[in-house]
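Below is one structure, written out as structure tokens, with a few remarks after it.
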Amino acid sequence: MFSKEQILKALSKVFHPEKGKDIVTLGMISEIESGENGISLTIVPEKSNDPFISSIRSTIVKTIKEVLGPNAVINEIKVQPKVIVGKQHEKHREVLPEVTNIIAVSSGKGGVGKSTIAVNLAIALARKGFSVGLLDADVYGPSVPKMFDAEKYRPEVKRENNTDHIIPLTKYGVKVLSTGFFVDQADPVIWRGPMASNFLKQLITQGEWGVLDYLLVDLPPGTSDIHLTLVQEVPVTGAIVVTTPQDVALADAVKGISMFRSDKINVPVLGLVENMSWFTPAELPSNKYYIFGKEGGKKLAEKMKVPLLGQIPLIQSICEGSDNGQPVALGDSLTGNAFMELAVALVERVNERNKDKRPTVKLQITK
Ligand SMILES: Nc1ncnc2c1ncn2[C@@H]1O[C@H](COP(=O)(O)OP(=O)(O)OP(=O)(O)O)[C@@H](O)[C@H]1O
Ligand SMILES: [Mg+2]
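Here it is, written out as structure tokens:
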């Protein structure tokens, strides 16, 4: 067994080929452990697609042996992209002070796959090692409980210091709260606008979210009171807009993007996700059928000058996984990997945004 200091000293002999500094000075090392099976560590590159990662890995294995002797073996090297903390965190903020990034998942049109994308992205981010929360803000049609196979889950509410604290469900590595956890799914939910907004406020402010790298918020379709409540209640880091490639969805996606970009709301659009980009049947996995048109989302992203974060095909297993409460992002199938790639694209986009954008402030409504 080796001490952390010994290991760090050895690692300081490993240089990043491009940056010309050693990986310890560059702050690329986190979590070192020396156990019976050898040394495990996590490297945190600034970019997850850093082309030098594999050469750094092999240099670490070699250098550890050279410096600490032949008994020093590497058990595991994990790679985790860095979470850059945005300027919104430089100031103390009252609401969700321990949540680094709040991401709204929205669309113009209903049924394009917001919830599917939000749920699978949350699971993929958790599998990458981030701490993740998912808030299902679709008070009118919550679909997250079914997708987590948790329709019967009723959150515990703890009363402390005269405030109720709502305990989220923790499943698949994600902390989840849904309006659907509080109502019987068979009953039609009739909300007056202010009731829905108040309920959402409670889930945001009284949810025991704890420390999170990302809180994803699955929004109802279109542009509603719920959207306003969210941007009034919390400083949203940015929004993802989901669309399918067909014209009717694209037209509504433009409205969604314009809403976030409007002077009143002013939330950065992190990117567009094109869902149901093509259909691939299970028995012909290399065939692509562009049933909703080809690359409509991609072209819209170019036109509106928003990054295209990813294209997700229409695949039966995605729908089945959601219906069975076993989202595809839990596994390493082709579709599971598509969501892992989407997660990496999102992390990088959020980091870029946090480097150069001013903090999003809460929207103030003056009457
Ligand atoms: N890529 C995909 N492949 C297969 N099925 C999909 C895909 N994306 C979404 N679906 C299915 O399409 C339906 C609608 O998706 P989802 O509920 O995620 O959309 P939504 O935008 O959240 O809808 P709403 O506007 O009602 O909230 C669901 O049955 C879902 O399983
Ligand atoms: Mg939905």
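Be aware that the sequence shown starts at 114, since it is given in this note's numbering, and climbs by one per residue. C-beta: ideal position from N, C-alpha, C; glycine also.
**Request:** Enumerate in chain order the residues of its own chain whose CB-to-CB distance from Phe115 is below 7 Å, with the five nearest sequence positions on each side excluded.
**Result:** Spatial neighbours of Phe115 in its own chain (CB-CB distance under 7 Å, excluding positions within 5 residues in sequence) are listed in chain order as Ser147, Ile152, Leu181 and Ala185.
**Asked** Residue ranges of each alpha helix (DSSP H) run of no fewer than 4 residues wholly in the region 216-295, ordered along the chain?
**Response** 227-240 and 257-260
**Asked** Would Glu387 pass as a contact of Pro420 if the rule is Cβ separation under 9 Å?
**Response** Taking 9 Å as the Cβ cut-off, Glu387 and Pro420 do not qualify as a contacting pair.
**Message:** Using a Cβ-Cβ cutoff of less than 6 Å, which residues in the same chain neighbour Gln424 once the five nearest sequence positions on both sides are dropped?
**Reply:** Glu387 and Ser390
**Prompt:** Cβ atoms of Lys227 and Ala362: under 9 Å apart, would you say?
**Reply:** no
**Message:** Residues in the same chain with beta-carbon distance under 7 Å from Lys204, minus the five sequence neighbours each way, listed in chain order, please.
**Reply:** At Lys204, the pLDDT of 45 sits below 50, so the modelled position is not reliable; the number obtained from the coordinates is stated separately. Around Lys204: no qualifying Cβ.
**Asked** Any C-beta of chain C sitting closer than 9 Å to the C-beta of Gly406?
**Response** In the structure shown, chain C does not exist; there is a single protein chain.
**Request:** Have a look at Leu325 and Lys134 and give me their C-alpha separation to the nearest angstrom.
**Result:** 31 Å
**Request:** Excluding the 5 residues preceding and the 5 following Arg170 in the sequence, name in chain order all residues of the same chain whose CB lies nearer than 6 Å to its CB.
**Result:** Ile190
**Request:** Measure from the alpha carbon of Gly438 to the alpha carbon of each residue in Leu316, Pro394 and Pro258, then state which is nearest.
**Result:** Of the candidates Leu316, Pro394 and Pro258, the one whose C-alpha sits nearest the C-alpha of Gly438 is Pro258.
**Prompt:** Using the C-alpha atoms, what's the distance from Val208 back to His202?
**Reply:** Low confidence applies to His202: its pLDDT is 49, below 50, so where it sits in the model is not reliable, and the reading given next is rough at best. The straight-line gap from Cα to Cα measures roughly 11 Å.
**Request:** Helix, strand or coil for Leu443, going by three-state DSSP, please let me know.
**Result:** helix
**Request:** State the DSSP-derived secondary structure class of Ile190, mapped to helix, strand or coil.
**Result:** Three-state DSSP puts Ile190 in a strand.
**Message:** One question on the structure: do His129 and Leu139 come within less than 9 Å of each other, judged by their Cβ atoms?
**Reply:** Inclusion of His129 and Leu139 in the CB contact set at 9 Å is warranted, their separation being smaller than that value.
**Prompt:** Of the residues Ser220, Glu396, Arg466 and Thr172, which one's Cα is nearest the Cα of Gly335?
**Reply:** Of Ser220, Glu396, Arg466 and Thr172, the smallest CA-CA separation from Gly335 is found for Ser220.
**Asked** Going by C-alpha distance, which of Thr342, Arg267 and Ile173 is nearest Ile279?
**Response** Arg267
**Message:** Could you tell me the alpha carbon to alpha carbon distance between Glu144 and Arg305, rounded to whole angstroms?
**Reply:** 49 Å
**Request:** Would you decide whether Glu131 is buried or exposed? Buried here means 16 or more other CB atoms lie within 10 Å of its CB.
**Result:** exposed
**Request:** Pick helix, strand or coil for Glu203, following the three-state DSSP scheme.
**Result:** Caution is warranted here: a pLDDT of 44 is assigned to Glu203, below 50, making its placement in the model unreliable, and the coordinate value is therefore given only provisionally. Coil.
**When Ser291, Asp331, Leu328 and Pro333 are compared against Gln315, the one with the closest alpha-carbon** = Ser291
**Request:** Return the Cβ separation of Lys435 and Thr229 in integer angstroms, given the expectation that the two are a contact with Cβ distance under 8 Å.
**Result:** Reading off the sequence, residue 435 comes out as Ser, not Lys. Sure, about 6 Å apart at Cβ, within 8 Å.
**Asked** For Leu313 versus Val252, is the C-beta distance shorter than 9 Å?
**Response** yes
**Prompt:** Does at least one heavy atom of ligand 2 sit under 8 Å from the Cβ of Pro333?
**Reply:** yes
**Cβ-based neighbour list, Asn400, same chain, cut-off 8 Å, excluding 5 preceding and 5 following** = Thr393 and Pro394
**Prompt:** If you follow the beta strand (DSSP E) that Glu146 is part of, which residue opens it and which one closes it?
**Reply:** Ile142 to Gly148 is the span of the beta strand (DSSP E), which, as asked, contains Glu146.
**Request:** State yes or no: is the C-beta of Val262 within less than 9 Å of the C-beta of Asp331?
**Result:** It should be noted that the sequence gives Asp, not Val, for residue 262. No, the pair does not count as a contact, with Cβ atoms beyond the cut-off.
**Asked** Do Gly254 and ligand 1 come close, with the Cβ less than 8 Å from some heavy atom?
**Response** Gly254: yes, Cβ under 8 Å from ligand 1.
**Request:** Check whether the Cβ of Asp251 sits closer than 8 Å to any heavy atom of ligand 2, and report yes or no.
**Result:** yes
**Request:** Have a look at Leu343 and Val349 and give me their C-alpha separation to the nearest angstrom.
**Result:** 8 Å
**Request:** Starting from Ser153, follow its DSSP beta bridges and name the residues at the other end.
**Result:** Glu146 and Glu189
**Message:** When you measure from the CB of Ser399 to every non-hydrogen atom of ligand 2, does any distance come out below 8 Å?
**Reply:** no
**Request:** Find the nearest neighbour of Asp297 within the set Ser256, Arg374 and Ser167, judged by alpha-carbon distance.
**Result:** Between Asp297 and the set Ser256, Arg374 and Ser167, the nearest pair of CA atoms involves Ser256.
**Prompt:** If you follow the beta strand (DSSP E) that Val330 is part of, which residue opens it and which one closes it?
**Reply:** Leu325 to Asp331
**Request:** Let me know if Thr283 comes out buried or exposed under the rule of 16 or more other beta-carbons within 10 Å of its beta-carbon.
**Result:** exposed
**Message:** Excluding the 5 residues flanking Lys480 on each side, which residues of the same chain have their C-beta closer than 8 Å to its C-beta?
**Reply:** Confidence is the limiting factor: at Lys480 the pLDDT is only 43, short of 50, which leaves the residue's position unreliable, though a coordinate-based value still follows. The answer is none, since no qualifying residue turns up.
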